[in-house]
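Counting along the sequence shown from 1, when you hit position 3 you're at 168 in the working numbering, and nothing is skipped either side. C-beta: ideal position from N, C-alpha, C; glycine also.
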Amino acid sequence: MNLKNQKPPYTNDLMRYAGLGTQLLVSLGIAVFAGYKIDRWLHFSLPLLVWLLPFAVLCGVIYKLVRDTSKRKKDEA
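Here's what the structure looks like:
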């Protein structure tokens, strides 16, 4: 048995959460950029979409996170 090729049991969870964190940051960055560009294009005096688009993305990512983690709990039981 070769011990060098065995991965620690927490590696899969660590990679999954690192991926979710990266996805969250990239999604928020794209939403802020898109909101800024759309606000400039529509000539809004307030940065309305700069606030609303990232909020919508954040709600969607939290919903996905809850759905994915609750599904995993059901599969383990």
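C-beta contact flag for residue i and residue j at 9 Å
i, j, result
"Leu217", "Gly200", "yes"
"Leu193", "Pro212", "no"
"Val231", "Ile195", "no"
8 Å Cβ shell around residue i - same chain, five flanking residues per side excluded
i, result
"Gln188", "Val226"
"Ser210", "none"
"Val120", "The first residue shown for the chain is 166 and the last is 242, placing residue 120 beyond what the model contains."
Beta-carbon proximity list for residue i, same chain, < 6 Å, skipping 5 on both sides
i, result
"Lys203", "Per the sequence presented here, residue 203 reads as Ile, with Lys not at that position. Closer than 6 Å at the Cβ level, and outside the excluded window around Ile203, lie Leu214."
Cut-off 7 Å between Cβ atoms - residues of its own chain near residue i, not counting five sequence neighbours on either side
i, result
"Leu190", "none"
"Leu179", "none"
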